[in-house]
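Written out below as structure tokens is the structure these notes cover.
Number of protein chains: 2
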Amino acid sequence: MKITKLEPKKRQGLVVVITGHGKGKTTSAMGMALRAAGHDMKVCIVQFMKGDIYSGEWDGVKLLGGQVELTATGKGFCGIQGNPYSFDEHRTNAQDALKLVDEKIRSGEFQMLVLDEINNALQLKLVDLEQVMKILDNLPPELHLILTGRDAHPEVIERADTVSEVREIKHAYRKDIEPQPGVDY
Amino acid sequence: MKITKLEPKKRQGLVVVITGHGKGKTTSAMGMALRAAGHDMKVCIVQFMKGDIYSGEWDGVKLLGGQVELTATGKGFCGIQGNPYSFDEHRTNAQDALKLVDEKIRSGEFQMLVLDEINNALQLKLVDLEQVMKILDNLPPELHLILTGRDAHPEVIERADTVSEVREIKHAYRKDIEPQPGVDY
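Quick mapping for you: the protein sequence lines, in order, are chains A and B. Note that the first sequence covers residues 1 to 185 in this note's numbering. Note that the second sequence covers residues 1001 to 1185 in this note's numbering.
In structure tokens form, the structure reads like this:
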């Protein structure tokens, strides 16, 4: 069978938002990173919330031969029961993450940038809408930007090219099944 | 910061369905494969529809150091304008793919199995509901099974542990932006 290789007439950076309350937002961003790596693109992932609990993608991306760089800057979910850090600590963290994002964009080294759970960070006021819009307004034309996390801001959705809402139809944890490695983390 | 490593008291294979009409179903499955590879698990992906058009994940998974095996068995979307293959050819293909799935399960070699776009194959009658249910009814207890594709069958949803519906809020192609490598394929 003949395999067609698509090539767009015009390469164009897309702004993709993956939001909603179902399973598969960060996961979807990891899939795009994998796909981009397959196209020999370089990907930078900055995780805004994750950082306190190990997740398989941290080692998964290391297998991708240096194509994908991941920094988990977070201290977990601010305000969630049991999280020991203050709002100010979370905010400082997220603000440092924004500086990192700015550096990574300026480096010109990447063709895809994932801001994982930045929607949550915005919702929790760890970053400001103006800061996110400033990133969106100053994107290099061929850089893909992926923003994940529940409760995406309407202005971010308005500005995006592709937006998916992942709805929960059901989730194993509601049957008291513990999170399982590979699938859940 | 202390990083917590979760470990469930009981390892349990999950049945995960990613359905809906939005962007991010196959992508999400690829993300789970990446995450599982990070946990040193072995993953087998069988693509039921894809095969005629190159997609970045084909080379992406090859970077994962042999952790993830992917076979694209499809000849594209049956009944879609321009697809040159007959229903019988598509069905034969999908039936061969099921045999491959059966072999892979029996091999005991994998901790995660992705049946990519099998929901479409079922909807298009390339495979039968009984065949899919037979797989679900005979799963090894620790094998994760991921089923993707739009229009998941209600009986498959009923049987699954975690189900997400990816809804399209907007998609770049509606603005006549061509599919872009890394993001769309």
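Positions of the beta carbon are idealized from the N, C-alpha and C atoms, including for glycine. Just so we're clear, the structure is a prediction, and the values are computed from it rather than from any experiment.
Return the residues of the stretch 1041-1065 of chain B that lie within a Cβ-Cβ distance of less than 9 angstroms from chain A, sorted by chain order.
For the stretch 1041-1065 of chain B, which is checked against every Cβ of chain A, the residues closer than 9 angstroms are Met1041, Val1043, Gly1051, Asp1052, Ile1053, Tyr1054, Ser1055, Gly1056, Glu1057, Trp1058, Asp1059, Gly1060, Val1061, Lys1062, Leu1063, Leu1064 and Gly1065.
Please confirm if serine 86/A has its CB atom under 8 angstroms from at least one CB of chain B.
Position 86 of the first sequence, counted from the first residue, corresponds to residue 86/A. So no, serine 86/A is outside the interface.
With distances taken from CA atoms, which of Pro1008/B, Arg1106/B, Val1132/B and Ser1107/B is nearest aspartate 1116/B?
The count along the second sequence starts at 1 and reaches residue 1116/B at position 116. Out of Pro1008/B, Arg1106/B, Val1132/B and Ser1107/B, Val1132/B has the C-alpha closest to the C-alpha of aspartate 1116/B.
Do the stretch 7-14 of chain A and the stretch 70-85 of chain A make contact, defined as three or more Cβ pairs closer than 8 angstroms?
Because the criterion of three Cβ pairs below 8 angstroms is not met, the stretch 7-14 of chain A and the stretch 70-85 of chain A do not touch.
Looking at the secondary structure, which residues open and close the beta strand (DSSP E) in which valine 1163/B lies?
Here the question's residue 1163/B lines up with position 163 in the second sequence. Note, valine 1163/B: beta strand (DSSP E), 1162-1170.
Please report the straight-line C-alpha distance between glycine 108/A and isoleucine 3/A, rounded to a whole angstrom.
Position 108 of the first sequence holds residue 108/A. Position 3 of the first sequence holds residue 3/A. So the two alpha carbons sit approximately 32 angstroms from each other.
Would proline 141/A pass as an interface residue toward chain D - the criterion being a Cβ-Cβ separation below 8 angstroms?
Note that chain D does not occur in the displayed structure, where the protein chains are A and B.
Our contact map puts arginine 35/A next to glycine 1056/B with C-beta atoms below 8 angstroms; I'd like the distance itself, whole angstroms only.
For the purposes of this step, residue 35/A is taken as the residue at position 35 of the first sequence. For the purposes of this step, residue 1056/B is taken as the residue at position 56 of the second sequence. Indeed they touch by this definition, with Cβ atoms about 4 angstroms apart.
Quick test of the definition: if touching needs 3 or more C-beta pairs under 8 angstroms, does the stretch 92-103 of chain A touch the stretch 1081-1095 of chain B?
In short, these stretches do not touch, since the Cβ pair count stays below three.
Determine the extent of the alpha helix (DSSP H) in which isoleucine 45/A is found, giving its start and end residues.
Residue mapping note: residue 45/A aligns to position 45 of the first sequence, counting from 1. It is not in any alpha helix (DSSP H) - isoleucine 45/A instead sits in the beta strand (DSSP E) that spans 43-47.
Report the rounded CA-to-CA distance for arginine 106/A versus alanine 72/A, giving the unit in angstroms.
In the first sequence, the residue the question calls residue 106/A occupies position 106. In the first sequence, the residue the question calls residue 72/A occupies position 72. Using only the alpha carbons, I get a separation of about 20 angstroms.
Would DSSP call threonine 1073/B helix, strand or coil?
By one-based count along the second sequence, residue 1073/B stands at place 73. Here threonine 1073/B sits in coil by DSSP.
Please classify methionine 1/A as buried or exposed, where buried requires at least 16 other C-beta atoms within 10 Å of its C-beta.
Along the first sequence, one-based indexing puts residue 1/A at 1. With fewer than 16 other Cβ atoms within 10 Å, it is exposed.
Determine the burial state of proline 1141/B: buried for a count of at least 16 other Cβ atoms within 10 Å of its Cβ, exposed for fewer.
Mapped onto the second sequence, residue 1141/B falls at position 141. So proline 1141/B ends up on the exposed side.
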